[in-house]
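Everything on this sheet refers to the single structure shown next.
In full-length UniProt numbering, the protein residues as written are 1 to 181.
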């Protein structure tokens, strides 16, 4: 039995260039939600450490006590600075056949999810997001490693528009393939 297998090389010019992609920043209001979450976490952390110190203070030297206090203080500062600096790198793009999301400032991640790989889509809105008129769009793929994407901090109309566009695209592909919409 003869097999006719071919695997031609793709030249650099044929690979799409994502550096020219125009990404849109998420809503600046979403930074308020991030900072609120970090503030609540910081208060919980300070409260928990205070309770631990109240019950176990006698077992710590002054050096250990101050090392823990300074460590927690530096951790809280790092969380705030990381969120502030990293926020400007949270961007997305919706193209004809895929959804693109970028995040991270120390390690920049660009995730591209083709619409035909999406299993389902979810639009969410938390209580604070509702006050700020923001929603989150999450798309889930069948892939195991990093195929799922959640874009938080989208204005309500844009989140619903993305949801509608993806659903229409998936429905259109199913009818073109002869399946049910």
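Beta carbons: idealized from backbone N, C-alpha and C, even for Gly.
Using 10 angstroms around the beta-carbon of residue i, count the other beta-carbons present and answer buried if the total reaches 16, otherwise exposed.
{"i": "residue 115", "result": "buried"}
{"i": "residue 70", "result": "exposed"}
{"i": "residue 133", "result": "exposed"}
{"i": "residue 120", "result": "exposed"}
{"i": "residue 143", "result": "exposed"}
{"i": "residue 94", "result": "buried"}
{"i": "residue 54", "result": "exposed"}
{"i": "residue 52", "result": "exposed"}
Taking the alpha carbon of residue i as the point to measure from, which residue in the options has its own alpha carbon closest?
{"i": "residue 105", "options": "94, 83, 98, 97", "result": "83"}
{"i": "residue 72", "options": "86, 85, 44", "result": "44"}
{"i": "residue 155", "options": "103, 25, 5, 171", "result": "25"}
{"i": "residue 188", "options": "78, 131, 112, 171", "result": "Residue numbering for the chain in the displayed model covers 1 to 181; residue 188 lies beyond these limits and cannot be assessed."}
Report, in whole angstroms, the separation of the C-beta atoms of residue i and residue j, which I expect to be a contact under 8 angstroms.
{"i": "residue 100", "j": "residue 21", "result": "6 angstroms"}
{"i": "residue 138", "j": "residue 150", "result": "4 angstroms"}
{"i": "residue 118", "j": "residue 162", "result": "Contact flag wrong, Cβ pair sits at about 11 angstroms."}
Tell me the DSSP secondary structure of residue i in three-state form.
{"i": "residue 25", "result": "strand"}
{"i": "residue 132", "result": "coil"}
{"i": "residue 107", "result": "coil"}
{"i": "residue 4", "result": "coil"}
{"i": "residue 157", "result": "helix"}
With a threshold of 7 angstroms between beta-carbons, can residue i be considered close to chain C, or not?
{"i": "residue 21", "result": "No chain C appears in the structure shown, which is made up of a single protein chain."}
Query raised in the report: Does the count of Cβ pairs from the stretch 84-93 and the stretch 54-68 closer than 8 angstroms reach three?
Result: no
Report task. Give a yes or no on contact between the stretch 45-58 and the stretch 148-166, applying the rule of three or more CB pairs nearer than 8 angstroms. Result -> no
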